[in-house]
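Visitor:
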Amino acid sequence: MKPLDPRLVRYATRACAPLAAVVALGVGQAVLVIAQAYALADVIVEPVRHGVTLHTVAVPLVALAGIGLARGCLTWLTDVLAQKAGLRVTEQLRSRLLQHCLDLGPAWLSGARRGELTALLTRGVSALEPYVARYLPTLALAAIVPPLSIAVIAYQDGWSAVIIVLTLPLIPVFGALVGWATQRRSERQWRSMATLAGHFADVTAGLPTLVAYRRARSQSERIREVTRKHAEASMATLRLAFASSAVLELVATISVALIAVSVGLRLIDSAIDFRAALVVLLLAPEAYWPLRRVGAEFHASAEGLAAMSQVAAVLETPLPSRGTRTDVPDLRTAVIEVRDLVVRYPDRATAALGPLTLTLRPRTLHALTGPSGCGKSTVLAAMLGFAPIESGAITVGGVDLAEFDPDRLRSQLAWLPQHPAIPAGTLGDSLRLMRPDATEEQLHGALEQVGLGQVIARLPDGLDTVLAGPSADAEDGESAAGLSAGERARLALARVLVSERPVVLLDEPSARLDAATEQAIVEVMHRLRRNATVLMVTHRAGTAAAADVRIELEPAGAAETPASGRCPVGSAA
Ligand SMILES: Nc1ncnc2c1ncn2[C@@H]1O[C@H](COP(=O)(O)OP(=O)(O)OP(=O)(O)O)[C@@H](O)[C@H]1O
1 MKPLDPRLVR YATRACAPLA AVVALGVGQA VLVIAQAYAL ADVIVEPVRH GVTLHTVAVP
61 LVALAGIGLA RGCLTWLTDV LAQKAGLRVT EQLRSRLLQH CLDLGPAWLS GARRGELTAL
121 LTRGVSALEP YVARYLPTLA LAAIVPPLSI AVIAYQDGWS AVIIVLTLPL IPVFGALVGW
181 ATQRRSERQW RSMATLAGHF ADVTAGLPTL VAYRRARSQS ERIREVTRKH AEASMATLRL
241 AFASSAVLEL VATISVALIA VSVGLRLIDS AIDFRAALVV LLLAPEAYWP LRRVGAEFHA
301 SAEGLAAMSQ VAAVLETPLP SRGTRTDVPD LRTAVIEVRD LVVRYPDRAT AALGPLTLTL
361 RPRTLHALTG PSGCGKSTVL AAMLGFAPIE SGAITVGGVD LAEFDPDRLR SQLAWLPQHP
421 AIPAGTLGDS LRLMRPDATE EQLHGALEQV GLGQVIARLP DGLDTVLAGP SADAEDGESA
481 AGLSAGERAR LALARVLVSE RPVVLLDEPS ARLDAATEQA IVEVMHRLRR NATVLMVTHR
541 AGTAAAADVR IELEPAGAAE TPASGRCPVG SAA
């Protein structure tokens, strides 16, 4: 494990200024440490040599008090700046990580373990705070104070300087050996923590199912086992930390004792000046303490350093290429062509979709049907730029959608996913997700259309009702937002209506609905397609029958060749 991880400086640039100030203050601290040793020596030597007078007692005492005060101020300032640097590092890394995860897109996120990612974003990044706020300032002091102290000691007494120069390197050498052993243990500790977090998140999400199938008890056994492994890994790291700190203390204490004996013997023979001997004895421990503290702080921040490797692994994951063209045509009137589209997810032997060819026309309701797993949702993901396209293209006016800036393009698309997320916030906020400036009338209008008008009217706070923010996968009958699964789906559909975007992608909008509500939703679609290109995925025969164009995808592997059209061409009338 390296004493200084250069990736931290690369990724957390906002911490550089306070850290540079900490280093500058370290020089000031080193000068004050030396001045304090001289002042303290004078407090003892002056009255002995020149008798007790106001001048021999008061002046050195005032100087000592002044230096002590200045040292205290510098230490305080260093702590404040170091804490600021620590907070800036966690803040910047967390937002960079989040942004990078968002840029990597849903395809990458679905492969990543959400629990581990959550642990990394919360505890992992927070663990870097002690590394920056305590370890790095100590490392700076360790690079400044010992050399200056040794120089002063060498000026006062060459022999003592020789002893320090011979014994001081033992501490970093020993520390490096310990750091080497610590790295493996810290990484193991972090891995077990991430596994525990991931497992706990999975179990919590699936708790209703586990209880229903009477499997909750066996899961508590499993959690106990993972927790025990984490505790063992933590204890092993702590044992190493305590043992190594004790050994470092011993090396430093023996070294100072050697200097004391050597100085004491020469003092008896009057081979060294009394004041010089005192300065050397007072400064010798100061030459060792920053290195001793580096060892202790290194252990306190080892978890953060282990997490840094994970942070770097995420931040160094290459982003999918991103289009830059901003001249996205008005999709309200544009025809969207899908030509020989093949999508293959990473690490998958077979393509998830394609080759698919179809045409989506404006003001037309298209229904995409086919057996489960044949790639219907993948078509929507490809249009949104979330799926890895292996070959073929989706074009508008002859231009590949991949060439357009994704944010610009998506501002014209409305998407209702299979498991819509209802973010924490008020009902109104949720409805305004794609159109923040929508009026209350528009929100109520959309709610009426999806048959939620009465439901919302019964809520005491109406549009200001706070939704608890369930996960997108809230299944198992869970209604964390205080709404049933069907009501949540309709709320998400109302959100799409509010957006009034020219291209609407709907993934099973009528799933979980009774026949009467399904009919109401079909009418909504008809109204929707008056002003938009609508592509909906559906398994419901009634919903599909209402479409202007029906596109039937065949199961993967059903077609021998692209020409035979495993996914038949659909076109609007
Ligand atoms: N993020 C992903 N990573 C890897 N494979 C995926 C991913 N998403 C989907 N797949 C695979 O791609 C194929 C098509 O999935 P898709 O969700 O598009 O099917 P679908 O027709 O919408 O199914 P359903 O009707 O059950 O919703 C499936 O074999 C699925 O396992």
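Numbering follows full-length UniProt numbering, with no gaps: position 99 of the sequence shown is 99. Beta carbons are placed, not taken as given, at the ideal position from N, Cα and C, and that holds for glycine. Predicted model only: the values in this text are computed from it and were never measured.
Near A485, which residues of its chain fall below 6 Å by C-beta distance, leaving aside the five closest residues on each side in sequence?
Guide: If we look at A485 and ignore the five residues flanking it on each side, its Cβ neighbours are R512.
Visitor: Would you report the Cα separation of Y288 and V256, rounded to the nearest angstrom?
Guide: For Y288 and V256, the distance between alpha carbons rounds to 8 Å.
Visitor: Looking at the secondary structure, which residues open and close the beta strand (DSSP E) in which R339 lies?
Guide: Here the beta strand (DSSP E) through R339 covers 336-343.
Visitor: Indicate whether the contact test is met: 3 or more Cβ pairs, each with one atom in the region 528-542 and one in the region 362-382, closer than 8 Å.
Guide: Touching, yes.
Visitor: Is it buried or exposed for W180, if we count other Cβ within 10 angstroms and need 16 for buried?
Guide: Exposed, because fewer than 16 other Cβ atoms sit within 10 Å of the Cβ of W180.
Visitor: Have a look at S479 and D429 and give me their C-alpha separation to the nearest angstrom.
Guide: Low local confidence applies: a pLDDT of 46 at S479 is under 50, so the model's placement there is unreliable, and no value is given.
Visitor: Just list the beta strand (DSSP E) runs in the region 446-526, keeping only unbroken ones of 3 residues or longer that don't cross its boundaries, in chain order.
Guide: Counting whole runs of 3 or more residues, the region 446-526 contains the beta strand (DSSP E) stretches 503-507.
Visitor: Which residue wins for smallest C-alpha separation from A127, given the options W159, Q156, L93?
Guide: A127 has its Cα closest to that of L93, out of W159, Q156, L93.
Visitor: Rounded to the nearest angstrom, what separates L291 and A284 at their Cα positions?
Guide: Taking the straight line joining both Cα atoms gives about 13 Å.
Visitor: Taking G295 as the reference, give the member of F274, V173, T395 with the closest Cα.
Guide: Comparing Cα-Cα distances from G295 to each of F274, V173, T395, the minimum goes to V173.
Visitor: Using the beta-carbon count (16 or more within 10 Å), is S270 buried or exposed?
Guide: By the neighbour-count rule (16 or more Cβ atoms within 10 Å), S270 is not buried but exposed.
Visitor: Would you mind stating whether L443 and W415 have Cβ atoms separated by less than 8 Å?
Guide: No, they are not a contact pair.
Visitor: Between R185 and A233, which are expected to be in contact by the criterion C-beta below 8 Å, what is the C-beta distance as a whole number of angstroms?
Guide: Confirmed, about 7 Å.
Visitor: Could you check whether the Cβ of A352 sits closer than 7 Å to any heavy atom belonging to ligand 1?
Guide: Checking the Cβ of A352 against ligand 1 gives yes.
Visitor: Starting from P436, follow the alpha helix (DSSP H) in both directions and report where the run begins and ends.
Guide: First-last for P436: undefined, no H or E at that position.
Visitor: In or out: C16 buried (at least 16 other Cβ within 10 Å) or exposed?
Guide: Counting Cβ neighbours within 10 Å, C16 comes out exposed, since fewer than 16 surround it.
Visitor: What separation, rounded to the nearest whole angstrom, lies between the Cα atoms of R134 and V328?
Guide: Each residue's Cα considered, the two are about 50 Å apart.
Visitor: A12 by DSSP, collapsed to three states: which one?
Guide: Reduced to three states, the DSSP call for A12 is coil.
Visitor: So, are the CB atoms of V263 and S160 less than 8 Å apart?
Guide: Yes, they are a contact pair.
Visitor: Is Y11 buried or exposed, if buried means 16 or more other CB atoms sit within 10 Å of its CB?
Guide: When all chains shown are included, Y11 counts as buried.
Visitor: How many Å lie between F386 and N531 at the Cα?
Guide: Cα-Cα distance, rounded: 25 Å.
Visitor: Under 7 Å: does the beta carbon of S377 sit that close to some heavy atom of ligand 1?
Guide: S377 Cβ: within cutoff of ligand 1.
Visitor: Quick one: what's R550 bridged to in DSSP?
Guide: Answer is A367.
Visitor: So for I259, helix, strand or coil by DSSP?
Guide: If DSSP states are grouped into helix, strand and coil, I259 belongs with the helices.
Visitor: Tell me, to the nearest whole angstrom, how far the beta carbon of A63 is from that of A41; I am working on the premise that it is less than 8 Å.
Guide: Not quite, the Cβ-Cβ distance comes to about 11 Å (not below 8 Å), so this is no contact.
Visitor: Please name the residue or residues paired with W415 in a DSSP beta bridge.
Guide: Answer by DSSP bridge pairing, in chain order: L505.
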